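>
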Amino acid sequence: MPRARALSALDINFIGTAIAITAIGCMLIYSATYFTDPSLNLLLKQVLWIAIGIALMLLFMLVDYHVFFEIAPVLYGIGNVLLVYLLIWGKVTAHVKSWIHIGSFQFQPSEFMKIFTALMLARYFDRQESAYMNTRSFLRAMAIIALPVGLIIVEPDFGTAATFFPLVAVAMFFGGIRWKVWVVAAIVLVIALPVGWTLLHQYQKDRVITFLNPDRDPKIAIGSGGIHGKGFRQGTQAKLEYLPARHTDFIFAVLGEEWGFIGVMIVLGLYLFLIIQALNFARNARDRGGTFLAICLISFFIFHVLINVSMQIGILPTTGIPLPLISYGGSSTMMFLIAIGLMANVDMRRFGHV
Numbered sequence: 050m051p052r053a054r055a056l057s058a059l060d061i062n063f064i065g066t067a068i069a070i071t072a073i074g075c076m077l078i079y080s081a082t083y084f085t086d087p088s089l090n091l092l093l094k095q096v097l098w099i100a101i102g103i104a105l106m107l108l109f110m111l112v113d114y115h116v117f118f119e120i121a122p123v124l125y126g127i128g129n130v131l132l133v134y135l136l137i138w139g140k141v142t143a144h145v146k147s148w149i150h151i152g153s154f155q156f157q158p159s160e161f162m163k164i165f166t167a168l169m170l171a172r173y174f175d176r177q178e179s180a181y182m183n184t185r186s187f188l189r190a191m192a193i194i195a196l197p198v199g200l201i202i203v204e205p206d207f208g209t210a211a212t213f214f215p216l217v218a219v220a221m222f223f224g225g226i227r228w229k230v231w232v233v234a235a236i237v238l239v240i241a242l243p244v245g246w247t248l249l250h251q252y253q254k255d256r257v258i259t260f261l262n263p264d265r266d267p268k269i270a271i272g273s274g275g276i277h278g279k280g281f282r283q284g285t286q287a288k289l290e291y292l293p294a295r296h297t298d299f300i301f302a303v304l305g306e307e308w309g310f311i312g313v314m315i316v317l318g319l320y321l322f323l324i325i326q327a328l329n330f331a332r333n334a335r336d337r338g339g340t341f342l343a344i345c346l347i348s349f350f351i352f353h354v355l356i357n358v359s360m361q362i363g364i365l366p367t368t369g370i371p372l373p374l375i376s377y378g379g380s381s382t383m384m385f386l387i388a389i390g391l392m393a394n395v396d397m398r399r400f401g402h403v
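My numbering puts the first residue of the sequence shown at 50, with every later residue one more than the last.
Structure below.
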């Protein structure tokens, strides 16, 4: 009864918290779009994505994560092929070639590449004999990350490419990289910033310039919510369409306006619970690969939450990075639910292959 034993070790609170966050996301999507989408088309689509995502979550949770390590090269290869396909035959949507269209269905391969790349890296670290990487081993790990990131940058989708940064940081930390390498990496980053600016398209530069404007609608929405918020479906910034992409990138502003400070703290508290639990999963994992996988996946959550919230309160320019499990979007939602399943998988098998 190996599978029954694994299920007995399942952290129900972890899974329940993730599903609760998706439910909150549905409420916010409905509130942000009901005025312009009375047919509830967007909400119903999101519910469908969540249902598919939960099915995928269960798959990635119940199958031993070492099996996914074995097929990681195949998944990684397929993902990169899809990214190349986009560059050649992809249609430009919102200035980038990020989406593959199949009839009325579309998906974003770069979102799933986050999972595939994390699995590939975890497999690589799991098979390292030494707990510390030499220069050659580290460069190989960086090459695993660099290939999909390079293809995504060419799309050009700099926001999504930036979300792979946690993998670099985790690989450097996990591989026991010396402090001198961190210093060199920081210097290279500083030098690369002005070069990167010249590579940006005009609409991307406009986002950075707009960031310098202190009177942006997202900040107005968040600030106007007060302690208790204006109430469900009572947000004026969303209703009057002052907020751009209010059901996707700026849904946190809808949360702040309608649910207030209390609602914001509840949602951030749920995220914090997921983060703490996932770090515990990583600490108690039965092997190096499980630890690395859990840390990589939860780092995606941390990075997405920090960047999304920061851009809406004026700390960072708009980057198009969604709020995990809350923002509208099928590819992103399914990716994060798969990540939840894999992290639970690591915890369920902390006592052995079950």
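Glycine included, every Cβ here is placed at the ideal spot set by N, Cα and C. Owing to the predicted nature of the structure, the values given are computational and were not obtained by experimental measurement.
#1: Mind checking whether Ala171 and Gly338 have CB atoms under 8 Å apart?
#2: Give the C-beta separation of Ile70 and Leu374 to the nearest angstrom, bearing in mind that I take them to be a contact with Cβ-Cβ under 8 Å.
#3: Taking just the CA atoms, how far does Thr184 sit from Ala100?
#4: Just confirm the distance between the C-beta atoms of Ser380 and Glu160, as a whole number of angstroms; I'd bet it's less than 8 Å.
#5: Can you check which of these residues, Ile364, Leu346, Pro366, Thr297, is closest to Cys75 by C-alpha distance?
#6: If we ignore side chains and look at the alpha-carbon of each, how far apart do Ile61 and Tyr134 end up?
#7: Going by CA-CA distance only, name the one from Phe349, Gly378, Val358 that's closest to Val219.
#8: Quick one: complete alpha helix (DSSP H) runs, 4+ long, within the region 325-350?
#9: If we cut at 8 Å on Cβ distances, does Trp148 have a partner in chain B?
#10: What does Phe154 pair with, by DSSP beta-bridge criteria?
#11: Quick one, which of Ile370, Leu196, Ile201, Ile311 has its alpha-carbon nearest Arg295's?
#12: Distance check for Ile362 and Trp308, CA to CA, integer angstroms please.
#13: If you follow the alpha helix (DSSP H) that Ser80 is part of, which residue opens it and which one closes it?
#14: Does DSSP classify Val145 as helix, strand or coil?
#15: What's the C-alpha gap between Gln95 and Ser153?
#16: Could you name the residues of the same chain whose beta carbon sits closer than 8 Å to that of Leu386, not counting the 5 residues immediately before and after it, in chain order?
#17: Going by C-alpha distance, which of Ile300, Ala331, Val395 is nearest Val316?
#18: Do Lys146 and Met384 have their C-beta atoms closer together than 8 Å?
#19: How is Tyr134 classed by DSSP in three states: helix, strand or coil?
#20: Grab the span of the alpha helix (DSSP H) containing Ser381 for me, first residue to last.
#21: Starting from Pro215, trace the alpha helix (DSSP H) both ways and give me its first and last residue.
#22: Go ahead and pull the three-state DSSP assignment for Val313.
#23: For Arg189, count the other beta carbons within 10 Å of its own beta carbon; 16 or more makes it buried, fewer makes it exposed. Which is it?
#24: Could you check how far apart the C-beta atoms of Ile276 and Phe310 are, in whole angstroms? I think they sit under 8 Å.
#25: Between Leu111, Tyr173, Glu204, Met360, which has its C-alpha nearest Pro122's C-alpha?
#26: Please list the terminal residues of the continuous alpha helix (DSSP H) segment that includes Asn90.
#27: Using the beta-carbon count (16 or more within 10 Å), is Ala343 buried or exposed?
#28: Grab me the residues of Ser376's own chain with a C-beta within less than 6 Å of its C-beta, minus the 5 sequence neighbours each way, in chain order.
Looking at the atomic coordinates:
#1: Translated into positions along the sequence shown, residue 171 becomes position 122. Translated into positions along the sequence shown, residue 338 becomes position 289. Against a cut-off of 8 Å, the Cβ pair of Gly338 and Ala171 comes out as a contact.
#2: Walking along the sequence shown from the start, residue 70 turns up at place 21. Walking along the sequence shown from the start, residue 374 turns up at place 325. Their Cβ separation, rounded to whole angstroms, is 4 Å, which keeps Ile70 and Leu374 in contact under 8 Å.
#3: As a first step, residue 100 is located in the sequence shown; it is residue number 51 there, counting from the start. As a first step, residue 184 is located in the sequence shown; it is residue number 135 there, counting from the start. Distance between the alpha carbons of Ala100 and Thr184: 43 Å.
#4: On the sequence shown, residue 380 is found 331 positions in, with the first residue counted as 1. On the sequence shown, residue 160 is found 111 positions in, with the first residue counted as 1. Correct: roughly 4 Å between the Cβ atoms.
#5: What you label residue 75 is simply residue 26 of the sequence shown in a count that begins at 1. Nearest of Ile364, Leu346, Pro366, Thr297 to Cys75, Cα basis: Thr297.
#6: Numbered from 1 along the sequence shown, position 12 holds the residue referred to as residue 61. Numbered from 1 along the sequence shown, position 85 holds the residue referred to as residue 134. For the pair Ile61 and Tyr134, the Cα-to-Cα distance works out to about 39 Å.
#7: Here residue 219 corresponds to residue number 170 of the sequence shown, with the count starting at 1. Checked all of Phe349, Gly378, Val358; the closest Cα to Val219 is Phe349.
#8: Fully enclosed alpha helix (DSSP H) runs of 4 or longer: not present.
#9: Of the protein chains in this structure there is only one, and it is not chain B.
#10: By 1-based counting over the sequence shown, the position of residue 154 is 105. BP columns for Phe154 point to Ile151.
#11: Start at 1 with the first residue of the sequence shown, and residue 295 comes out as number 246. It is Ile370 whose Cα lies nearest to the Cα of Arg295.
#12: Locating residue 308 in the sequence shown gives position 259, where the first residue counts as 1. Locating residue 362 in the sequence shown gives position 313, where the first residue counts as 1. Roughly 16 Å separates the two Cα atoms.
#13: Position 31 of the sequence shown, counting from 1, holds the residue named residue 80. Taken as a continuous stretch (DSSP letters only), the alpha helix (DSSP H) holding Ser80 covers 61-82.
#14: Against the sequence shown, residue 145 aligns to sequence position 96. Three-state DSSP puts Val145 in a strand.
#15: Locating residue 95 in the sequence shown gives position 46, where the first residue counts as 1. Locating residue 153 in the sequence shown gives position 104, where the first residue counts as 1. Rounded to whole angstroms, the gap between the alpha carbons of Gln95 and Ser153 is 15 Å.
#16: Working through the sequence shown from its first residue, we reach residue 386 at position 337. Excluding residues within five positions, the ones whose Cβ falls inside 8 Å are Ala67, Thr71, Ile99, Gly102, Ile103, Leu105, Met106, Leu374.
#17: If you number the sequence shown from 1, residue 316 lands on position 267. Comparing Cα positions, the closest option is Ile300.
#18: Locating residue 146 in the sequence shown gives position 97, where the first residue counts as 1. Locating residue 384 in the sequence shown gives position 335, where the first residue counts as 1. Contact flag unset, no.
#19: Position 85 of the sequence shown, counting from 1, holds the residue named residue 134. Helix, per DSSP.
#20: For the purposes of this step, residue 381 is taken as the residue at position 332 of the sequence shown. For Ser381, the enclosing alpha helix (DSSP H) covers residues 379-397.
#21: Looking up residue 215 in the sequence shown gives position 166. Here the alpha helix (DSSP H) through Pro215 covers 214-223.
#22: Start at 1 with the first residue of the sequence shown, and residue 313 comes out as number 264. Helix, per DSSP.
#23: Residue 189 sits at position 140 when you count from the first residue of the sequence shown. By the Cβ-count criterion, Arg189 is exposed, with fewer than 16 other Cβ atoms from all chains shown falling within 10 Å of its own Cβ.
#24: Counting from one through the sequence shown, the residue named residue 276 turns up at place 227. Counting from one through the sequence shown, the residue named residue 310 turns up at place 261. Under the criterion of beta carbons closer than 8 Å, Ile276 and Phe310 qualify as touching, at roughly 5 Å.
#25: Residue mapping note: residue 122 aligns to position 73 of the sequence shown, counting from 1. Of the listed residues, the one whose Cα sits closest to Pro122 is Tyr173.
#26: Reading the sequence shown from its first residue, position 41 is the one you call residue 90. It spans 90-111 - the alpha helix (DSSP H) in which Asn90 sits, taken as one unbroken run.
#27: The residue given as residue 343 occupies position 294 in the sequence shown. Per the 10 Å Cβ criterion, buried.
#28: In the sequence shown, counting from the first residue as 1, residue 376 sits at position 327. Counting only Cβ-Cβ distances below 6 Å, and skipping sequence neighbours, we find Thr297, Ile300.
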